[in-house]
Amino acid sequence: MKKGDLAIALSGGSVRGLAHIGFLEVLEENDIKVDYIVGTSMGALVGGIYAAGKLKELKKKILKLSKSRILSLLLSNKIRKGNTDIKEIEKFIEPLIKGKRMKTLEPKFTAIATDLKTGKEAYLEEGSLLKNISASISIPGIFQPVKIKNMLLVDGGVIDPLPKEYAKEKAKKVIAVNAMPTKVNYKKGGDTFDILSETMGIMTNKLIGLGKKKSNDHLFVQIKTRGIDSFDFKSASRVINLGRKAAKKHIKKITKLSKS
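Our numbering numbers the first residue of the sequence shown as 27 and each following residue consecutively.
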């Protein structure tokens, strides 16, 4: 397969990953052409819906839900009842996707998941966009694994929280966007969500290695999300604006990279 000119790698981060909405908005506003999106976890959700042409609609739905905390309550109630089926999340994003298949997306898109059977990354590039996003966001301990073909899939962040290396295989130039904080922010007396979040955060930072290796064909962008809890959907608007801020800060470099 011929490489594209520019790929964007989007990290996970739960609510903090919503910053990718703002980041991609700024790219659109500046006519930056993206040939490929590779996303993990929330990066896969935002990236996949962006590739389906529904980024604005996703933002509207997220902001509407955040005002009433509907999504936050929905997730916590399901977990307390011991019912961690991901179908409620699928109901939320399905109207934006409407049966889209991976082969129809523009830009092209890959969702990253982790196969429990092999312990390896799964690069989801075929079939149902909805199913592939669901697999990539299935956080262990919160959602049940998703079965695709002979694989049993969980969150891609378990093994590849920022899939910049795979993005390099898809395009000549790569922008890697990390929405995970670079330092942990555990609160004394935190609940199960806080503990799980910070545990994943420690693991994620080790895996990403902060991605700051400089090169002419790779730009690393860190979105400053420290202090925002993983499941704090009421902060969605703030998080999206943090993504916009990061993109604007780097827009000259991004424009230069995209045109080089």
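Beta carbons are placed, not taken as given, at the ideal position from N, Cα and C, and that holds for glycine.
Computed from a predicted model, the values in this text were never measured in an experiment.
Quick check: the Cα distance between His276 and Met177, rounded to an integer number of angstroms? 38 Å
Cα separation between Lys85 and Ile47? 7 Å
How would you label Asp141, buried or exposed, when you count the other beta carbons within 10 angstroms and need 16 or more for buried? It counts as buried.
Ignore the nearest five residues each way along the sequence and tell me which others in Ile123's own chain have a CB closer than 6 Å to its CB. Ala78, Leu155, Leu156
Rounded to whole angstroms, what is the Cα-Cα separation between Tyr76 and Ala148? 21 Å
Ordered list of alpha helix (DSSP H) runs contained in the segment 46 to 96, each at least 4 residues: 68 to 77, 81 to 94
Have a look at Leu188 and Asp31 and give me their C-alpha separation to the nearest angstrom. Across the structure, Leu188 and Asp31 are spaced so that their CA atoms are roughly 19 Å apart.
So Ile88 and Ala262 are in contact, right, with Cβ under 8 Å, and what is the actual spacing, rounded? 5 Å
Using the Cβ count rule (16 or more neighbours within 10 Å means buried), how would you classify Thr66? That one is buried.
Buried or exposed: where does Gly125 fall if 16 or more other Cβ atoms within 10 Å of its Cβ makes it buried? exposed
Please tell me whether Lys279 and Asp243 are closer than 9 Å, where the distance is taken between their beta carbons. no
Three-state secondary structure (DSSP) of Ile112: coil
CB contact check: Arg252 to chain C, cutoff 9 Å: Given the protein chain composition of this structure (a single chain), no chain C is represented.
Neighbour-count burial assignment, Gly69, 16 or more Cβ in a 10 Å radius: buried
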